[in-house]
Each structure stands twice: as structure tokens, then as C-alpha cells.
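Engineer: In the numbering used here, the protein residues as written are 3 to 591.
Quick one: structure below, then a few questions.
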Amino acid sequence: EPPDTPKDFSCQTQDMKRVTCTWRQEETYLYGKNSPRYTLSKTSSQKMSLCKASCSKQCSCSWDIGQQWIWNVTVTVENPLGKKTATDVFDVNHRVYPTAPFQVWEDCTDTEITLHWNYENNEIELFCQTEVFQPDGKAELHNSSTADSRRITVRGLQPYTEYTARVRCGAAKHFWRWSEWSQPLTTRTKEGTPSGKLDIWREIIPVLGGRNVTLFWKQTPNFQANGKIISYEVTLEKIEDGSKPESISFSSVYNSTRIFIDNHSYRISIMAKNNVNFSLPSVLIISRATDNKIVFCSFLGTEELKEGQVKGTDDGIFISWEPRSIYDSYIIDWCNFPRLQPCDLQWKRFGPNTSSAVISSAAFVPGVRYKFCIYGSAGNKASLLEKKIGFLRELPPCHDPIVRKVDLTYNSVTLSWDSYLTNESEPGFVRGYHVYVSPIQGNCNLKGSKKHILSDESELCKYTIENPEEKRYTVKHLMPNTKYKIVVKAFTGGGETPIVNFRYIDTPYNSNMLYFVFLLVIVPALVAAICHWKMKWVKECCCPVIPSPNKSKVLSFKEFKIDSEKVLKINDCLPDMLDMDSSAEDHKL
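Given below as C-alpha cells:
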């Protein structure tokens with residue numbers, strides 16, 4: 003291809019003695035003796051070359067300017083297929099491109115850094131700029147206040163903080179472009195007085211003659227050490243008698259200490275100290291042990307305050323409380339490892355308008371019960387308000403209830419079990435019980451139950467008891483003389499363990515049915531046998547023969563016969579009663 007017009011053609015100087023022109027090399031797909039040739043010359047005299055161009059990624063050509071300040075130069079590129087030119091007219095004073103500053107050094111205070119530097123050509127008046135990188139990587143640009151200044155002061159910095167800075171310069175008059183950046187300089191501001199206060203808390207355990215108080219402290223986002231913390235100062239002052247405060251210093255490696263105090267009220271303050279000064283004191287007040295208000299929440303045992311239950315979420319454990327207008331803040335404390343001692347007590351503060359929070363910790367694991375104590379604070383004095391217990395996620399119970407008694411009838415079974423022991427090691431709150439029943443042969447379809455399918459696709463009848471205090475249940479509508487398998491399972495918010503072991507029972511025969519059969523079959527058969535054995539007696543008792551006059555012994559004499567009938571004369575008898583009837587028929591008879 004024929005050559006194209008040279009792109010990005012421009013000229014500049016770094017020392018006011020020598021000018022360098024640069025342009026971009028284009029591809030012509032011709033090589034060797036046919037590759038493009040570049041010539042830089044004055045536009046007015048293109049036959050005379052100013053310099054020899056050298057090209058790699060970019061072409062450049064330099065020459066001494068002497069005493070000439072205005073230049074009109076042309077670059078010519080040609081190959082056997084064609085020729086193209088580009089022209090630049092410039093004043094050398096307007097094309098100053100300084101060299102990068104060097105020998106950069108600094109002076110520091112706790113909030114300022116002053117950067118100093120040198121540059122090669124002192125004849126050029128320069129205007130400089132510094133770029134300061136904050137610890138978070140954010141960059142800020144700062145300009146020098148006067149031309150030809152060789153220093154810049156950057157203010158408003160954080161004490162004892164590491165910053166990285168670099169410098170570049172440009173011509174103060176007829177600015178053309180910035181120089182390259184200097185080598186970066188990393189420095190740290192000096193220490194300053196700590197700003198803000200420590201976040202402090204306490205754990206109180208009553209003992210004989212007073213209380214053991216464990217003090218904790220930590221740095222909050224609002225606290226700035228402004229240096230290296232070398233110690234913590236704990237000051238203890240009894241409020242009632244105005245005794246002289248007692249101070250104890252602890253190394254910076256500590257974040258807690260245990261002290262013993264009597265039953266009086268105390269004012270405790272804690273300060274952080276670096277090489278410059280102390281921070282502002284953080285204060286808490288511990289009330290007298292005889293005060294009616296409950297001020298502590300022990301993680302080692304139970305207190306009178308009733309514990310409420312809280313639930314875990316995807317983000318942590320959700321806790322809510324009833325706000326009181328008398329408090330200026332609220333504190334929640336808990337143990338990251340409640341089964342260990344020490345338990346790694348943690349706490350978090352909330353503003354007066356907050357009544358709920360999600361407590362999260364990398365130490366929270368499913369199946370572990372966590373206790374949360376909620377305090378209200380007014381005037382640095384905290385009072386226990388509520389206690390909560392909960393799980394990040396509940397797991398099934400560790401074991402099943404122990405069935406101690408089984409009462410059977412022909413159509414029911416009554417199960418009795420021991421109270422389920424709920425302690426700190428349980429992986430969830432027991433919500434109730436499930437009773438599973440099934441005949442050994444066939445499927446279960448008992449009235450009032452729900453169908454439950456096991457992993458092997460066998461069916462069970464399921465009864466749910468939603469009262470965790472219940473210790474007795476009766477399964478009805480069973481079949482007599484049938485073998486059943488039965489099991490009682492406790493369940494939590496995390497479900498229940500798989501069903502593995504069953505208890506087997508055999509329902510007895512139906513005694514009422516035996517009585518019924520006895521009445522319908524045995525008794526009639528027995529009566530029939532007796533009747534057959536005493537048939538004559540029964541016949542005479544139940545079906546007596548009607549007397550016949552012809553068979554009477556009284557009428558057995560021959561003289562008492564008229565024709566074939568036997569006749570009894572009235573006068574031969576002594577009647578018990580005589581009844582006279584005067585009817586016509588009687589007279590006829």
C-alpha cells in the first residue's frame with residue numbers, strides 16, 4: 003500500500019536546547035528496500051534533512067534548535083507506491099515538556115505532609131502538582147500555590163496513617179503538557195492524640211462480700227487511635243465516700259481485666275494511651291448491690307427474669323425488646339461460645355430509638371443455644387431489661403422420650419413417658435411430640451391420624467402433640483388381637499431425628515365380644531341342655547296337663563256312671579264356695 007499521512011505528528015522540548023518530534027508509524031506491507039522512508043526537514047527547504055528518524059512502535063527525530071524559536075517542520079514518508087507529508091508549526095517556548103521531578107522527600111506532622119523535589123532544568127519556570135493516595139486507594143490531586151515552587155504541603159490528613167504521593171510538573175507559562183510522574187514516595191504521618199472513646203462493658207458476678215467485675219473494652223469505628231496504643235488506663239472510684247480514685251495500667255495486648263469491688267456503687271473509666279496522649283475517658287457506673295434493679299445477667303446460671311425465645315434468620319438472630327423512654331441507649335450482650343469458659347463475651351450498643359436488631363457473628367453455629375441480655379442505659383448506668391434465648395438454626399432433639407408405661411385395651415393404647423429434659427446442650431426448643439403407630443401387617447388408616455411415609459415407602463399413622471409439657475397420650479381405634487409397632491418422637495423447630503427403633507405391642511381380645519357371644523350362644527345352649535335333661539319336669543312345670551273328669555279318681559266308682567259319662571253328685575262333695583246363678587241357661591242345665 004502507499005504510505006498514509008503520518009498520524010499524531012507533534013514536536014516538543016524538555017530543555018529548551020533540543021526539539022524532538024514524534025509520530026505514529028503506519029503499516030504499508032512493504033519491507034526491505036521498499037519499506038517507507040521518513041525525512042524531517044524545514045518546510046521551506048525540504049531537501050535539507052534536520053535529523054534521521056528512528057522507528058519502533060513510534061517514530062521520533064531530534065535536533066538542536068540553536069537560537070531559532072519559531073519552527074515550521076515537515077515530515078515526509080514515501081515508498082515506491084507513493085509519498086505523504088505532515089507539517090507542524092510551533093514556538094519552542096510553547097512546547098515545553100519537562101522531565102519528571104526527582105529526589106522527592108517529605109516532612110511530616112500528625113496531619114500534614116510537605117513534599118520536596120528537584121528537577122533538572124532550573125531555567126524553566128514550572129508549575130507542579132502532587133497526587134496523594136489515601137489508605138482506601140482513593141487519589142487526591144493538590145497543586146502548588148506558587149510558580150517555580152519546589153514543595154507542596156498537603157493538609158487535613160489522618161494521624162499515624164500511611165500515604166503514597168508522587169509529583170509532576172508543567173510549564174508555568176504557555177503550558178503544553180504535564181511531565182511524567184516522579185517515583186512514588188510512601189510515608190506515614192506522625193502520631194496524634196487518640197480521638198473518640200473506647201467502647202466499654204462489664205460482666206458482674208456476685209460473690210461473698212461483694213462482686214467480681216470483668217471489664218471489657220474495644221475500639222469502635224468512631225475511635226481513632228492516631229498512633230500505636232501502648233497501654234490502657236483503668237480508673238476505679240467509689241462514689242459514696244469520695245475516696246481517692248485508684249488507677250491501674252494494662253498493656254495494649256489486653257482487652258479485659260477482672261477486679262473485685264464491694265457492695266458500694268463505683269464509677270469506672272477506661273482510657274487508651276499512645277505515645278502522644280490519652281483518649282477521652284469512657285465511663286460506666288455500677289450501682290450498689292442493694293439496689294432493687296437487676297443490673298447483671300449471669301451466663302453461668304439462671305436468674306429470676308423470665309427468658310423469651312428468639313428465632314434465627316439468614317443474617318443472624320433477630321431480637322426485639324420493649325423500648326423505654328428513660329434510657330438514652332440500649333446494650334445487648336451475649337457469648338460467642340456459651341459452652342466454654344471464658345465464653346468470649348460480646349456486646350453491641352444501639353440508639354434510644356431502636357427496639358430491634360439482628361445479631362450476627364461468625365462464631366454462631368446451628369444447634370447451639372445463645373443467651374442474649376438486653377440492658378437500658380441512662381447516665382452511664384445500665385439496668386437489665388429482658389433476657390432472650392435462641393438458636394441461629396434449630397436442629398432435631400438429641401434423643402427421644404423414654405416411654406415408661408404402656409396401658410393396653412382391645413382397641414387403644416395409652417403411652418406415658420418421662421418429662422423431656424431441656425438443658426443448655428439441647429440443639430433446639432422442644433415444640434411437642436409425634437406418636438407413630440402402624441400394624442405389622444397392612445397399612446394404617448386410624449381415625450384422627452395423618453399419613454406419614456417412611457423412606458422405605460411404608461406407611462405410619464401420625465399423631466401430633468403440640469404441648470411440650472404433655473407426658474401421656476392415648477391412641478384409639480385399634481383392632482383387637484393385632485400386633486402394632488409404635489414410637490414417640492420429640493420435635494423442635496429443626497424437626498426430629500429419623501425413626502429407627504419401634505416398640506411392639508399386641509392388643510388383647512375384645513372381652514365385650516366374648517360376653518356377647520356367651521350370652522347369645524353359651525347361655526341358650528346351657529338352658530337347652532338342662533331342659534332336655536329335665537324335660538318331664540319342665541313339661542309339667544311349663545305345660546301342665548288339663549284335668550279331665552273322665553280321668554278323675556273321684557269318679558272311678560261304677561255307680562257314678564250315666565251311659566258313657568261319669569257323673570258326680572253334688573251332695574257327695576263339700577264345696578268351698580257356692581255360687582247361685584239364676585240365668586235361664588243355668589236353669590235349663
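Just so it is clear, CB atoms sit at the ideal spot from N, CA and C, and this is done for glycine as well.
Going by other Cβ atoms of all chains shown within 10 Å of its Cβ, with 16 needed for buried, is A102 buried or exposed?
Structural biologist: Counting from 1 along the sequence shown, the entry for residue 102 is found at position 100. Result: buried.
Engineer: Taking the beta strand (DSSP E) that S289 falls in, what are its first and last residues?
Structural biologist: Taking the first residue of the sequence shown as 1, we reach residue 289 at position 287. S289 -> no beta strand (DSSP E), and no H or E assigned at all.
Engineer: With H, G and I counted as helix, E and B as strand and the rest as coil, what does DSSP make of G434?
Structural biologist: Reading the sequence shown from its first residue, position 432 is the one you call residue 434. Strand.
Engineer: On the three-state DSSP scale, how would you describe H266?
Structural biologist: For the purposes of this step, residue 266 is identified with residue 264 of the sequence shown, where counting begins at 1. Three-state result, H266: coil.
Engineer: Would you report the Cα separation of H144 and E108, rounded to the nearest angstrom?
Structural biologist: Here residue 144 is taken as the residue at index 142 of the sequence shown, counted from 1. Here residue 108 is taken as the residue at index 106 of the sequence shown, counted from 1. Each residue's alpha carbon lies about 15 Å from the other.
Engineer: Closest to D316 by CA distance: which of L394, T163, N355 is it?
Structural biologist: As a position in the sequence shown, residue 316 is number 314, starting the count at 1. Among L394, T163, N355, the Cα nearest to that of D316 is on L394.
Engineer: With the cut-off set at 7 Å, would you say I126 and D93 are in Cβ contact?
Structural biologist: Along the sequence shown, one-based indexing puts residue 126 at 124. Along the sequence shown, one-based indexing puts residue 93 at 91. No, the Cβ-Cβ distance between I126 and D93 is not below 7 Å.
Engineer: Count the C-beta pairs between the region 330 to 349 and the region 364 to 371 that are closer than 8 Å, then say yes if the count reaches three, no if not.
Structural biologist: The region 330 to 349 vs the region 364 to 371: in contact.
Engineer: Consult DSSP for L238 and reduce its assignment to one of helix, strand or coil.
Structural biologist: In the sequence shown, the residue the question calls residue 238 occupies position 236. Correct three-state label for L238: strand.
Engineer: Going by C-alpha distance, which of K85, A167, D90, Q48 is nearest T22?
Structural biologist: In the sequence shown, counting from the first residue as 1, residue 22 sits at position 20. T22 has its Cα closest to that of D90, out of K85, A167, D90, Q48.
Engineer: Got a sec? Which residues, its chain only, sit under 8 Å from N277 by beta carbon, not counting five neighbours each side?
Structural biologist: As a working note, residue 277 is residue 275 in the sequence shown. E193, G229, K230, I232.
Engineer: Roughly how far, in whole angstroms, is the beta-carbon of I524 from the beta-carbon of F504, given that I think they are within contact range, below 8 Å?
Structural biologist: In the sequence shown, counting from the first residue as 1, residue 524 sits at position 522. In the sequence shown, counting from the first residue as 1, residue 504 sits at position 502. Between F504 and I524 the Cβ distance is about 39 Å, and since that is not below 8 Å, they are no contact.
Engineer: Could you pull out every residue in the same chain whose Cβ sits closer than 7 Å to the Cβ of S56, ignoring the five residues on either side in sequence?
Structural biologist: Counting from one through the sequence shown, the residue named residue 56 turns up at place 54. Hits under 7 Å: S62.
Engineer: Below 8 Å, how does it come out for the region 242 to 257 and the region 187 to 203: are there three or more Cβ pairs, yes or no?
Structural biologist: Touching, no.
Engineer: DSSP three-state label for G34, please.
Structural biologist: Within the sequence shown, the letter at position 32 stands for residue 34. G34: helix per DSSP, three-state reduction.
Engineer: Can you give the Cα-Cα distance for S322 and I115, rounded to whole angstroms?
Structural biologist: Position 320 of the sequence shown, counted from the start, is the residue given in the question as residue 322. Position 113 of the sequence shown, counted from the start, is the residue given in the question as residue 115. Going by the C-alpha atoms only, they are around 48 Å apart.
Engineer: What is the rounded straight-line gap between the Cα of I455 and the Cα of S440?
Structural biologist: Numbered from 1 along the sequence shown, position 453 holds the residue referred to as residue 455. Numbered from 1 along the sequence shown, position 438 holds the residue referred to as residue 440. Taking the straight line from one Cα to the other gives about 11 Å.
Engineer: Hey, D6 and E28 are a contact pair by Cβ (cut 8 Å); roughly how many whole angstroms apart?
Structural biologist: The residue given as residue 6 occupies position 4 in the sequence shown. The residue given as residue 28 occupies position 26 in the sequence shown. The Cβ separation is near 5 Å, so the contact holds.
Engineer: Since Y377 sits in a beta bridge, which residues does DSSP pair it with?
Structural biologist: Your numbering for residue 377 matches position 375 in the sequence shown. Per DSSP, I333, L386.
Engineer: From P8 to Q131, what does the alpha carbon distance come to, in whole angstroms?
Structural biologist: Translated into positions along the sequence shown, residue 8 becomes position 6. Translated into positions along the sequence shown, residue 131 becomes position 129. Each residue's Cα considered, the two are about 33 Å apart.
Engineer: Return helix, strand or coil for M273, following the three-state DSSP convention.
Structural biologist: For this step, residue 273 is matched to residue 271 along the sequence shown. Residue state, collapsed to three classes: strand.
Engineer: Please give me, in chain order, every unbroken run of the beta strand (DSSP E) with length at least 3 that falls completely inside the region 135 to 174.
Structural biologist: For the region 135 to 174, whole beta strand (DSSP E) runs of length 3 or above, ordered along the chain, are 141 to 145, 153 to 156, 164 to 173.
Engineer: At a cut-off of 6 Å, would you count A55 as near the ligand PLP, judging by its Cβ distance to the nearest heavy atom?
Structural biologist: The ligand PLP is not among the ligands present in this structure, which contains no ligands whatsoever.
Engineer: In chain order, what residues of the same chain lie with their CB nearer than 6 Å to the CB of L302, ignoring the 5 residues before and after it?
Structural biologist: For this step, residue 302 is matched to residue 300 along the sequence shown. Here L302 scores only 49 on pLDDT, less than 50, and its place in the model is too uncertain to base an answer on.
Engineer: Beta carbon of T259, beta carbon of P399: below 7 Å?
Structural biologist: Counting from 1 along the sequence shown, the entry for residue 259 is found at position 257. Counting from 1 along the sequence shown, the entry for residue 399 is found at position 397. No, the pair does not count as a contact, with Cβ atoms beyond the cut-off.
Engineer: Just checking my contact of I391 with E309 at CB under 8 Å: how many whole Å lie between their CB atoms?
Structural biologist: Start at 1 with the first residue of the sequence shown, and residue 391 comes out as number 389. Start at 1 with the first residue of the sequence shown, and residue 309 comes out as number 307. Contact holds; Cβ gap of about 5 Å.
Engineer: So what does DSSP say about A527, is it helix, strand or coil?
Structural biologist: Here residue 527 refers to the residue found at position 525 when the sequence shown is read from its first residue. Note: A527 maps to helix in three-state DSSP.
Engineer: Quick check on the DSSP output: what are the complete alpha helix (DSSP H) runs of length 4 or more inside the region 198 to 222, in order along the chain?
Structural biologist: Whole alpha helix (DSSP H) segments, 4+ residues: zero.
Engineer: Ends of the beta strand (DSSP E) at Q14?
Structural biologist: Residue 14 sits at position 12 when you count from the first residue of the sequence shown. Run containing Q14: 9 to 15, per the beta strand (DSSP E) assignment.
Engineer: Tell me whether R326 is buried or exposed, calling it buried when 16 or more other Cβ atoms sit within 10 Å of its Cβ.
Structural biologist: The sequence position of residue 326 within the sequence shown is 324, counting from 1. Classification of R326: exposed, given that the 10 Å Cβ count is below 16.
Engineer: Which same chain residues, not among the five before or five after T356, have their C-beta less than 8 Å away from its C-beta?
Structural biologist: By 1-based counting over the sequence shown, the position of residue 356 is 354. Around T356: P325, Y332.
Engineer: For Q60, which option in L286, S12, S51, N36 has the closest C-alpha, if you only look at C-alpha atoms?
Structural biologist: Within the sequence shown, the letter at position 58 stands for residue 60. Measuring from the Cα of Q60, the nearest candidate turns out to be S12.
Engineer: Just checking my contact of L128 with A174 at CB under 8 Å: how many whole Å lie between their CB atoms?
Structural biologist: Stepping through the sequence shown from its first residue, residue 128 is reached at position 126. Stepping through the sequence shown from its first residue, residue 174 is reached at position 172. The pair is a contact, with the Cβ atoms about 6 Å apart (cut-off 8 Å).
Engineer: H96 by DSSP, collapsed to three states: which one?
Structural biologist: In the sequence shown, residue 96 corresponds to position 94, counting from 1. If DSSP states are grouped into helix, strand and coil, H96 belongs with the helices.
Engineer: Measure the C-alpha to C-alpha separation of T292 and Y465 and round it to an integer number of angstroms.
Structural biologist: Residue 292 sits at position 290 when you count from the first residue of the sequence shown. Residue 465 sits at position 463 when you count from the first residue of the sequence shown. Distance between the alpha carbons of T292 and Y465 is about 52 Å.
Engineer: How big is the Cα-Cα spacing for S64 and V77?
Structural biologist: The sequence position of residue 64 within the sequence shown is 62, counting from 1. The sequence position of residue 77 within the sequence shown is 75, counting from 1. Rounded to the nearest angstrom, the two C-alpha atoms are 12 Å apart.
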